[in-house]
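**Q**
Protein chains in written order, with this note's numbering: chain R, 3 to 565; chain Z, 37 to 233.
(1) Do residue 101 (chain Z) and residue 91 (chain Z) have their C-beta atoms closer together than 8 Å?
(2) What is the DSSP secondary structure of residue 555 (chain R), counted as helix, strand or coil?
(3) Can a CB atom of chain R be found closer than 8 Å to the CB of residue 50 (chain Z)?
(4) May I have the straight-line CA-CA distance separating residue 409 (chain R) from residue 209 (chain Z), to the nearest angstrom?
(5) Fully enclosed by the stretch 128 to 195 of chain R, which beta strand (DSSP E) runs are 3 residues long or longer?
(6) Return the Cβ separation of residue 387 (chain R) and residue 364 (chain R) in integer angstroms, given the expectation that the two are a contact with Cβ distance under 8 Å.
(7) Taking the alpha-carbon of residue 454 (chain R) as reference, which of R:441, R:514, R:306 and R:292 has the nearest alpha-carbon?
(8) Comparing C-alpha positions only, which one of Z:214, Z:165 and Z:174 sits nearest to residue 190 (chain Z)?
(9) Give the range of the alpha helix (DSSP H) segment to which residue 215 (chain R) is assigned.
(10) Since residue 387 (chain R) is in the beta strand (DSSP E), which residue starts that stretch and which ends it?
(11) Between the alpha carbons of residue 103 (chain R) and residue 339 (chain R), how many angstroms are there, rounded?
(12) Who are the neighbours of residue 397 (chain R) on chain Z, taking C-beta pairs under 8 Å?
(13) Can you find a CB in chain R that lies within less than 8 Å of the CB of residue 173 (chain Z)?
(14) Using 8 Å as the threshold, is the C-beta distance between residue 213 (chain R) and residue 361 (chain R) below it?
(15) For residue 107 (chain Z), decide whether its Cβ has a neighbour in chain R, counting only Cβ atoms nearer than 8 Å.
(16) Just how far apart, CA to CA, sit residue 5 (chain R) and residue 285 (chain R)?
(17) Taking C-alpha atoms, which residue in Z:207, Z:139 and Z:188 lies nearest to residue 171 (chain Z)?
(18) Give a yes or no on whether 8 Å exceeds the smallest Cβ distance from residue 420 (chain R) to chain Z.
(19) Report the CB separation of residue 78 (chain R) from residue 330 (chain R) in whole angstroms; it is logged as a contact under 8 Å.
(20) Please determine, among R:424, R:450 and R:484, the residue with the shortest C-alpha to C-alpha distance to residue 462 (chain R).
(21) How is residue 87 (chain R) classed by DSSP in three states: helix, strand or coil?
(22) Closest Cβ-Cβ distance between residue 58 (chain Z) and chain R: below 8 Å?
(23) Once the 5 residues before and after residue 485 (chain R) are set aside, which same chain residues still bring their CB inside 7 Å of it?
(24) Compare the C-beta of residue 87 (chain Z) against all C-beta atoms of chain R and say whether one is closer than 8 Å.
(25) For residue 208 (chain Z), which of helix, strand or coil comes out of DSSP?
(26) Could you check whether residue 236 (chain R) and residue 50 (chain R) sit closer than 8 Å to each other, using their CB atoms as the reference points?
(27) Would residue 564 (chain R) be called buried (16 or more neighbouring beta carbons within 10 Å of its own) or exposed?
(28) Using a Cβ-Cβ cut-off of 8 Å, state whether residue 486 (chain R) counts as contacting chain Z.
(29) Could you run through the stretch 30 to 59 of chain R and flag, in chain order, every residue whose CB is less than 8 Å away from some CB of chain Z?
(30) Would you kindly work out how many angstroms separate the C-alpha atoms of residue 272 (chain R) and residue 38 (chain R), rounded to a whole number?
(31) Ignoring anything shorter than 3 residues, give me the beta strand (DSSP E) runs that lie fully in the stretch 389 to 442 of chain R, in order along the chain.
(32) What in chain Z is Cβ-close to residue 187 (chain R), meaning under 8 Å?
(33) Would you please verify whether the beta carbon of residue 478 (chain R) is less than 8 Å from any beta carbon of chain Z?
(34) Within the same chain, show all residues whose beta-carbon is closer than 7 Å to that of residue 349 (chain R), passing over the 5 residues directly before and after it, in chain order.
(35) Between residue 223 (chain Z) and residue 356 (chain R), how many whole angstroms is the CB-CB distance? I'm expecting something under 8 Å.
(36) Give a yes or no on whether the minimum CB-CB distance between residue 414 (chain R) and chain Z is below 8 Å.
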C-alpha cells in the first residue's frame, strides 16, 4: 500500500453538500485540506445539459429504459434519474446493497464531485425547538444535545453564502432564514392560499417554497433564468451545489487538494495516540490502495455511506466499527414519508397562465402537534405542491385525433392544484444498517444490509395528510378534490438520516453536540448520519449548518492543540 | 496522482463559461450544434419496422397529428421515433404486441373496406381510427385499463414523438428553452413554457 507522504491538516470524505462546506470552512481557516470523492470529476461545461432540447436525446428524455433496468434498477425510481441526469446516479451493479425480504429500501446515490448536491431538489428549511425538543418531550430516540439557539447563527452563516429565496412568516415552528426575495405564487396558488387563510386563520398558511435557488445575482452566481430541469445541472450556478459554490471557494484559498476516484475504504485508527491517523483509499480506476494522513477527519459521505465507512473501520479497540463503543452506530435510520395528500381543479382563471418554469413549489408549514396533541400520532408533517396547467400530454387520455384535436391541445388544460405531505419518521432502533461481509462492491468494500420500515405512527400521519390536504383544497373552493395515499418505500424521499446520532451521553450516542465522535475526538461526522430525530423539513440546510458549526469547533480545538 | 495532477483535474471541473456570455441566444446556438449532429443520424436504416409497417405508422401518426398551419407528424419524423422506441426502448413482448396491432388494423381494413389500410383514402382511414378511438373511450368509461390497446400506444408514441421533436417543440409549441423570468399570472400565450413534456 502506498503511503502519501503529505500529511494534511484535514481530510474530508465526500464532496457533496456537507463535504463541500467542510472544505470551504476548513481551508478558509487556514487548513491544508484533502477532499476525497469516490466518483469522477464533473465538468459543468460538458456534463451539464439542462439547455439541450428534448430532440437531442435519443429517447427524448425518457431515458434508456433497457439500460436503466439493467444497471440502475434502484436509481431509476428517482424522478430525477432521467435520460440527461442518470449519469449523476450510481451504477447499482457496482454499488450493491441488500434488504431483508419484504422490507424494501430504495437507496438513491450520487458518486461524483458535487455528490447529490447536483441533483437535489433545493428545498431549504430550518428546524426549530419544536424539533430539537421532540425526543425529550415524547421519549422516542435520545435527546438532541443542541437547541435552536446553538445552530441559529450557523443557519445564518450558510444561508448568507448559499442564497435561500423565501418569504418571512415569523413562525416559531419554522424559523425564517436569511432570505433572498421569494419567488411568486402563481394565480391558482394565490387563490388556494387565500382560501386556506380564510378557513384556517393563521393556523395553516401557504407560502412559496424556500429554495436554494437565487432570485437575484449573489456571490458571483447569476439569478435563475427559469429554464426548469435543475437536476441536469445549472451552468449559471443559480442553485446551490458544492460543485459550483463551496468547492470553488475552497479552491480559491489555495489550500484545497481534491482527489476524485478515491474510494475511502477505512478510517485508520492509531492505538498509540487513540486518534484516527488517516484513511485507506482505493483508487476507483486503478484499484490501487493508498493511505492518506490527516490531523482531523471529516466524514461527509452521506448518511449511510458515512456509517458504512465507520462500521467497516474495525480495530482491536473498535471491533464493531470506529467510534461504536455505544453500539448505536447503524441504528435509528430514518427517512421522511411522502406521497399522501390531495389534488383538484382550481376553477376559473382560464385566461391566465404562468410563464417560465419555476424550480420551486408551495409550502404549508407543519400545523399538527404544534400546540394541541393529535390523538392518532406524534410529531408532524409539512405539505409541498403547486398548481399548473397541463399541456399536450393530456392528449394521451383525451378522445379524438386530427386537426381539431391538435389545435385543442394548444390551449392549456385546467389549473390543477396538488399538495403532498412530507412526514416526520420516529427514530427507532429496529430501523438499522449492518455490514454484509459476503457482498462487496466493485472496489471490494463490504456493503450494507438495510433494515427499514415505516411504523404505525408514520402510517397514521399519511392518513391525516390525505384528509387535511383535501379539506384545505375543499375549503379554498377547489373542485374535484381527490385525496390520495400511495405506497412509497423508505429511502425514496432521499432524506435518509440517522445511524450515527449525536447525543450528550457516550453510552447512548456516537457523536457529541459538535458532531465529534465521542470515542475518537479527531473524527467528525457532519452529514445526515448525525441526526437525532428527523423533523419533517427537508434536511440539507441543517446538514450545512451542522457542518459549518463542527468545522469551527474543530478549528478551535486544533488551535488550542486539543486534538 | 500528484497534487499537481489533482489540481489540474479539479481546474477542469471549474471550467465554467462566464455568465455574461450565456445569453439565451448563445445557449440556443450551442444547442443547435447538437441538433445538427442528431439530424445527421436520422437517415439511418429502419431498425425494426418493415417498409410496409413504417408506411402504416407514418399514415397513422399523420392522421393523429396532421399538418395544419404547422407541420404534422410526418414532418416531425414520428415514424422514425416509433421505430427507435420499438427497437430499443420497449420490451420484446411490448414490441410484438404493437406490431400485431398493425396486422390487426390491416385485417380490420380488409373486413370493412376490402382493402389493406394503406389502400384506403383518408376518409376511410379516419373511419377505422374513430372505431379504435371509440374502443379506448369505452374502456375509460368502464374504468378499465387502456394499457393493452394498440391505439393507446400508437397515440402516445405519436404525441410524445411529435411534441418532443424539433418541429413540434419549436413550431407547434414554440417552446422557449430559457424564459429568463417567471411571470406567475400572465395571459395564456402560444409560446409555451410549461414543463418540457
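Note that the Cβ used here is the ideal one computed from N, Cα and C, for glycine as well.
On a predicted model such as this, the values are computed, not experimentally measured, just so you know.
**A** To lay it out plainly:
(1) no
(2) helix
(3) Any reading at residue 50 (chain Z) is ruled out, since the residue's pLDDT is 36, under 50, leaving its predicted position unreliable.
(4) 11 Å
(5) none
(6) 6 Å
(7) R:306
(8) Z:165
(9) Unbroken run through residue 215 (chain R): none, as it is neither H nor E.
(10) 383 to 391
(11) 20 Å
(12) 191 and 195
(13) yes
(14) yes
(15) no
(16) 13 Å
(17) Z:188
(18) no
(19) Their Cβ separation, rounded to whole angstroms, is 33 Å, which puts residue 78 (chain R) and residue 330 (chain R) out of contact at 8 Å.
(20) R:424
(21) coil
(22) Its pLDDT being 48, under 50, residue 58 (chain Z) is placed unreliably by the model, and the measurement read from it follows with that caveat. Cβ-Cβ to chain R under 8 Å: yes for residue 58 (chain Z).
(23) 344, 468, 469, 471 and 472
(24) no
(25) helix
(26) yes
(27) exposed
(28) no
(29) 43, 44, 45, 46, 47, 53, 54, 55, 56, 57 and 58
(30) 20 Å
(31) 417 to 425 and 434 to 442
(32) 220
(33) no
(34) 479 and 481
(35) So it is not a contact: roughly 11 Å between Cβ atoms.
(36) yes
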